[in-house]
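**Q** If you scroll down you'll find the structure; I have some questions about it.
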Ligand code: MTE
């Protein structure tokens, strides 16, 4: 079925390449706000170095079903999408609801560079140098009310500019959600750029979510609506198949997708003969985020 993710795994990949150097979690570019330790993030995470994928790789191998289901479709068909002007409606359980232009939203925000691992549920990965600000800064401005437990996000609906939305591949708008503590975590980013340039259309212009310890489909693109709520929000892939795509969708090599292993991943740009690399729990950010899930059975709440 067209709406099912297809993995590029073969039978030979089921056993991960065991010899891969088990890299620590990685985060960089936190200078300017006092570094990783000021945020209470692991010092190790900031010390390590990952090599970012090239601009070409990051902007030509995409998932953005609003422009088609093929990996090259977003780069091919997103040229007619116009991300300016842009505004986001912020509402629900907040003290300061309203519709805000992108300029109003980014005004006064600290735009940082965050070099994050990015792991798709389809078992490929990249390393992306994002530019953006912490979602927590925006939520703090919105004034989250005590009853709020979740944050819901929606992508823009513009079938005239997004040819994929003329088909019923997914139910539009694409929607996602986070638990409030996940949304407030300092690793959770609202990205506005890559490599210091504005986000290309195919990567979710002009503003998208990036949650580096979760499978990529949680990182919803081209956001026009943010709603604080007391209920678990509708999440597109979870609604299509909750058996395959959990609401949490934390990267976890120990919990396989029903149709493929999540134990290893193919790093995009590694070359035809590159070995797969082992997938790290919480995508390498375990030290920073594991406490969010303390006491939870990750096999059940996957
Ligand atoms: N957001 C919207 N609106 N539509 C999508 O199809 N795809 C998701 C996520 N966000 C998607 C989306 C998936 S499956 C992945 S892996 C990432 O975007 C891909 O991000 P990238 O193309 O920047 O690598």
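Numbering (this note's numbering), first residue to last: 146 to 447. A virtual CB, placed ideally from N, CA and C, is assigned to each residue, including glycine.
Could you tell me if the beta carbon of residue 351 falls within a distance shorter than 8 Å of some heavy atom in the ligand MTE?
**A** To locate residue 351, count along the chain shown from 1; it is residue 206. False, no ligand heavy atom lies under 8 Å from that Cβ.
**Q** Just to confirm the assignment, what range does the alpha helix (DSSP H) spanning residue 403 have?
**A** The residue labelled residue 403 in the question sits at position 258 within the chain shown. No alpha helix (DSSP H) contains residue 403, which DSSP labels as neither H nor E.
**Q** How long is the line joining the alpha carbons of residue 290 and residue 260, rounded to whole angstroms?
**A** What you label residue 290 is simply residue 145 of the chain shown in a count that begins at 1. What you label residue 260 is simply residue 115 of the chain shown in a count that begins at 1. Each residue's alpha carbon lies about 31 Å from the other.
**Q** Can you name, in chain order, every residue of its own chain whose Cβ lies under 7 Å from the Cβ of residue 365, other than the five neighbours on each side?
**A** As a working note, residue 365 is residue 220 in the chain shown. Result list for residue 365: 298, 300, 319, 321, 353 and 354, in chain order.
**Q** Does the segment 433 to 441 come close enough to the segment 411 to 424 to have 3 or more Cβ pairs within less than 8 Å?
**A** Judged by Cβ distances under 8 Å, the segment 433 to 441 makes no contact with the segment 411 to 424, as fewer than three pairs qualify.
**Q** I believe residue 373 touches residue 239 by the beta-carbon criterion, under 8 Å. Please report the beta-carbon distance rounded to the nearest angstrom.
**A** If you number the chain shown from 1, residue 373 lands on position 228. If you number the chain shown from 1, residue 239 lands on position 94. Indeed they touch by this definition, with Cβ atoms about 5 Å apart.
**Q** Is DSSP giving residue 249 helix, strand or coil here?
**A** Taking the first residue of the chain shown as 1, we reach residue 249 at position 104. Correct three-state label for residue 249: helix.
**Q** Reducing DSSP to helix, strand and coil, say where residue 321 ends up.
**A** As a first step, residue 321 is located in the chain shown; it is residue number 176 there, counting from the start. Here residue 321 sits in strand by DSSP.
**Q** Provide the residue(s) that pair with residue 336 in DSSP beta bridges, ordered along the chain.
**A** Looking up residue 336 in the chain shown gives position 191. Bridge partners of residue 336: 277 and 353.
**Q** Roughly how many angstroms separate the alpha carbons of residue 446 and residue 194, rounded to a whole number?
**A** In the chain shown, counting from the first residue as 1, residue 446 sits at position 301. In the chain shown, counting from the first residue as 1, residue 194 sits at position 49. Looking at the two C-alpha atoms, the distance is approximately 31 Å.
**Q** Say whether the segment 279 to 295 touches the segment 204 to 220, bearing in mind that this needs 3 or more beta-carbon pairs closer than 8 Å, one atom from each stretch.
**A** With the cut-off at 8 Å, the segment 279 to 295 and the segment 204 to 220 do not touch.
**Q** Checking 9 Å against the spacing of the C-beta atoms, do residue 233 and residue 245 come in under that value?
**A** Taking the first residue of the chain shown as position 1, residue 233 is located at position 88. Taking the first residue of the chain shown as position 1, residue 245 is located at position 100. Closer than 9 Å, so yes.
**Q** Residue 427 to residue 333, Cα distance in whole Å?
**A** The sequence position of residue 427 within the chain shown is 282, counting from 1. The sequence position of residue 333 within the chain shown is 188, counting from 1. So the two alpha carbons sit approximately 13 Å from each other.
**Q** Verify the contact flag: residue 211, CB atom, against every heavy atom of the ligand MTE, threshold strictly below 8 Å.
**A** As a first step, residue 211 is located in the chain shown; it is residue number 66 there, counting from the start. Under cutoff, so the answer is yes.
**Q** Please determine, among 208, 224 and 225, the residue with the shortest C-alpha to C-alpha distance to residue 217.
**A** Looking up residue 217 in the chain shown gives position 72. Considering only alpha carbons, the answer is 208.
**Q** Run the proximity test for residue 273: is its beta-carbon closer than 8 Å to any non-hydrogen atom belonging to the ligand MTE?
**A** By 1-based counting over the chain shown, the position of residue 273 is 128. Indeed, a heavy atom of the ligand MTE lies less than 8 Å from the Cβ.
**Q** Pull up the DSSP beta-bridge partners for residue 372, would you.
**A** Sequence index remark: in the chain shown, residue 372 carries index 227 (1-based). Answer is 236 and 297.
**Q** Just the Cα atoms here: how many angstroms apart are residue 378 and residue 421?
**A** As a working note, residue 378 is residue 233 in the chain shown. As a working note, residue 421 is residue 276 in the chain shown. Roughly 34 Å separates the two Cα atoms.
**Q** Going by alpha carbons, who is nearest to residue 223 out of 292, 340 and 307?
**A** As a working note, residue 223 is residue 78 in the chain shown. The residue with the shortest Cα to Cα distance from residue 223 is 307.
**Q** Count the other C-beta atoms from every protein chain shown that fall within 10 angstroms of the C-beta of residue 172, then say buried if there are 16 or more, exposed otherwise.
**A** For the purposes of this step, residue 172 is taken as residue 27 along the chain shown, with counting starting at 1. Confidence at residue 172 is low in this model, with a pLDDT of 35, below 50, so its placement is unreliable and no value can be given for it.
**Q** If we ignore side chains and look at the alpha-carbon of each, how far apart do residue 292 and residue 351 end up?
**A** Counted from its first residue, the chain shown places residue 292 at position 147. Counted from its first residue, the chain shown places residue 351 at position 206. Cα to Cα, residue 292 sits roughly 30 Å from residue 351.
**Q** Taking only three categories from DSSP, how would you classify residue 385?
**A** Here residue 385 is taken as the residue at index 240 of the chain shown, counted from 1. In the structure shown, residue 385 sits in a helix (DSSP, three-state: H, G or I).
**Q** Quick check: is any heavy atom of the ligand MTE less than 8 Å from the C-beta of residue 384?
**A** Counted from its first residue, the chain shown places residue 384 at position 239. Not under cutoff, so the answer is no.
**Q** At the level of alpha carbons, what is the spacing between residue 219 and residue 433?
**A** Counting from 1 along the chain shown, the entry for residue 219 is found at position 74. Counting from 1 along the chain shown, the entry for residue 433 is found at position 288. When rounded, the distance between both Cα atoms is 32 Å.
**Q** Would you mind giving the Cβ-Cβ distance between residue 263 and residue 270, rounded to the nearest angstrom? I have them listed as a contact below 8 Å.
**A** For this step, residue 263 is matched to residue 118 along the chain shown. For this step, residue 270 is matched to residue 125 along the chain shown. Yes, residue 263 and residue 270 are in contact; Cβ-Cβ is about 6 Å, under 8 Å.
**Q** Could you tell me whether the Cβ atoms of residue 443 and residue 395 are closer together than 9 Å?
**A** Here the question's residue 443 lines up with position 298 in the chain shown. Here the question's residue 395 lines up with position 250 in the chain shown. Cβ atoms of residue 443 and residue 395: closer than 9 Å.
**Q** Taking the continuous alpha helix (DSSP H) assigned at residue 221, which residues delimit it?
**A** As a position in the chain shown, residue 221 is number 76, starting the count at 1. Element bounds for residue 221: 218 to 222.
**Q** Please indicate yes or no: does the CB of residue 267 lie closer than 8 Å to some heavy atom of the ligand MTE?
**A** Here residue 267 is taken as the residue at index 122 of the chain shown, counted from 1. Within the cutoff, so yes.
**Q** Between the beta-carbon of residue 226 and the beta-carbon of residue 367, is there less than 9 Å?
**A** Mapped onto the chain shown, residue 226 falls at position 81. Mapped onto the chain shown, residue 367 falls at position 222. Cβ distance < 9 Å, so residue 226 and residue 367 count as in contact.
**Q** Use the C-beta contact count for residue 309: other C-beta atoms within 10 angstroms, 16 or more gives buried, fewer gives exposed.
**A** In the chain shown, the residue the question calls residue 309 occupies position 164. Flag for residue 309 reads buried.
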